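Chemist: Residues are numbered in the working numbering as their position in the sequence shown, beginning at 1, plus a constant of 144. Cβ atoms here follow ideal geometry from the backbone N, Cα and C, with glycine treated the same way. Bear in mind the structure is a predicted one, so any value in this text is a computation, not a measurement.
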Amino acid sequence: MQTELSKQLGVEHAVFGFTPFPAVAAAISRAGGFGVLGAVRYTAPDDLARDLDWLQEHVDGRPYGLDVVMPAKKVEAAAGRTLTEADVEAMIPAAHRQFVEETLAKHGVPGLAEGEASGWRITGWMEQVARGQLDVAFDYPIKLLANALGSPPADVIARAHEQGVLVAALAGSARHARKHADAGIDIVVAQGYEAGGHTGEIASMVLTPEVTEAVAPLPVLAAGGIGSGEQVAAALALGAQGVWLGSVWLTVTEADLHSPALTRKLLAAGSGDTVRSRALTGKPARQLRTEWTDAWDDPQGPGTLPMPLQGLLVAEAVSRIQKYEVEPLLGTPVGQIVGRMNSERTVQAVFDDLTRGFERAVARLNRIAGRG
Ligand SMILES: Cc1cc2nc3c(=O)[nH]c(=O)nc-3n(C[C@H](O)[C@H](O)[C@H](O)COP(=O)(O)O)c2cc1C
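1. Are the beta-carbon atoms of alanine 321 and valine 332 separated by less than 7 Å?
2. Return the chain-ordered ranges of every alpha helix (DSSP H) run that is complete within the segment 372-450 and spans a minimum of 4 residues.
3. Between the alpha carbons of leucine 524 and leucine 288, how many angstroms are there, rounded?
4. Out of curiosity, what's the CA-to-CA distance linking alanine 175 and alanine 239?
5. How far does the alpha helix (DSSP H) with aspartate 496 in it extend, from its first residue to its last?
6. Run through DSSP, which three-state label would isoleucine 370 get?
7. Look at the alpha carbon of glycine 416 and the alpha carbon of glutamate 306, and state the distance between them as a whole number of angstroms.
8. Just the C-alpha distance for alanine 399 and valine 180, rounded to the nearest angstrom, thanks.
9. On a CA-only basis, which of Ala327, Val359, Leu362 and Ile370 is nearest alanine 347? Give me that one, please.
10. Note down the Cα distance separating glutamate 258 from tyrosine 468, rounded to an integer number of angstroms.
11. Locate the alpha helix (DSSP H) running through valine 213, then write down its first and last residues.
12. Between the Cα of isoleucine 146 and the Cα atoms of Gly177, Ala302, Ala313 and Pro166, which residue gives the shortest distance?
13. Can the beta-carbon of tryptophan 393 be found less than 7 Å from the beta-carbon of threonine 163?
14. The beta strand (DSSP E) that contains phenylalanine 160, what's its start and end?
15. State yes or no: is the C-beta of phenylalanine 165 nearer than 6 Å to some heavy atom of ligand 1?
16. Report back the beta-carbon spacing between threonine 437 and valine 419 to the nearest angstrom; my notes put them in contact at under 8 Å.
17. So, is asparagine 510 buried or exposed, given that buried needs 16 or more other C-beta atoms within 10 angstroms?
18. Report the CB separation of valine 355 from alanine 318 in whole angstroms; it is logged as a contact under 8 Å.
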């Protein structure tokens with residue numbers, strides 16, 4: 145599964161793997177793919193440095209990258225200044241806090257222990273925090289910097305290029321992809337509606353060729369709904385220079401979800417068990433459908449707040465739900481490919497399956513084309 149881009153980056157397979165877990169990112173790179181560590185969950189720069197140290201030691205010299213989330217600064221722009229976490233907290237209406245407590249109480253979710261920090265406190269959506277992550281990341285020999293929501297700022301792109309780091313950005317439409325290209329990025333990740341996490345409304349089958357044509361000759365990675373080698377072959381047939389997978393790594397043995405109940409839910413879920421909801425972050429993100437997402441999506445409820453308010457509002461609640469494994473409310477971002485994630489495998493086994501499936505697809509197409 146080699147393309148010009150995989151050769152340029154010096155990897156065996158044009159398979160890019162996004163994951164919040166350093167152990168999974170390292171295993172992806174060691175298996176011949178390109179591991180990309182998600183940084184959004186690192187509030188403290190020291191924690192990110194510790195995990196990048198670990199990653200660097202465990203990739204066996206193979207290349208890897210980092211993914212940050214710098215959203216368009218809507219809330220900050222409205223305020224006319226850079227906001228601290230306390231400023232954002234103060235913008236959350238009391239009625240929303242009450243709704244969170246009522247929903248948790250309905251399911252008997254216990255509180256965290258006195259002084260226990262919320263493990264799911266994500267502030268990396270705030271530019272200030274993301275910039276702190278970048279200051280750390282540029283001290284490491286990362287080969288790729290990806291940004292989830294919009295083009296990274298011009299100074300970040302320039303800094304990456306000065307250090308020989310390629311810049312990628314996720315796009316859910318050809319229009320967004322063109323904006324990224326105009327901003328000077330190197331790789332577009334075309335993320336379809338099926339994908340886990342923040343998604344647009346266009347399915348990969350339509351999006352991949354549209355984006356490929358819109359930004360040519362920039363390389364495009366297809367993301368969303370890819371979990372088999374046949375699907376990799378389909379994405380490459382549509383013009384992508386590689387694939388970008390996220391969901392499939394959630395149930396690998398190297399992943400540490402800290403919740404056997406969540407792993408069981410993922411393994412049991414079908415492709416119809418996800419929903420695109422604003423419940424977690426304030427922007428539409430595909431995730432397991434749960435009574436938590438139903439509560440936020442209910443027209444009788446207060447509705448969600450914009451990013452980054454919603455993420456801060458629900459942070460402690462999500463940590464409580466995860467800690468006590470309250471199954472009706474327990475969820476995670478994941479894409480429709482969850483329907484194929486039916487057993488725990490090692491990262492290497494995922495690569496073996498991808499390679500075999502890819503070869504089957506190529507052989508089948510060759511037969512159809514009358515070539516053997
Ligand atoms: C648990 C989870 C968390 C994610 N978080 C991020 C993130 O922080 N930044 C990002 O660029 N993409 C994030 N994504 C999206 C992935 O990068 C990737 O584009 C997507 O998972 C691809 O579609 P798939 O889920 O069908 O494989 C996340 C996906 C999942 C499943």
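Modeler: The short version:
1. yes
2. 373-381, 404-412 and 435-441
3. Limits of the chain in this structure are 145 at one end and 516 at the other, which puts residue 524 out of reach.
4. 49 Å
5. 491-512
6. coil
7. 44 Å
8. 14 Å
9. Ile370
10. 15 Å
11. Element bounds for valine 213: n/a, residue is neither H nor E.
12. Contrary to the premise, residue 146 reads as glutamine rather than isoleucine in this sequence. Ranking Gly177, Ala302, Ala313 and Pro166 by Cα distance to glutamine 146 puts Gly177 first.
13. yes
14. 159-163
15. no
16. 5 Å
17. exposed
18. 5 Å
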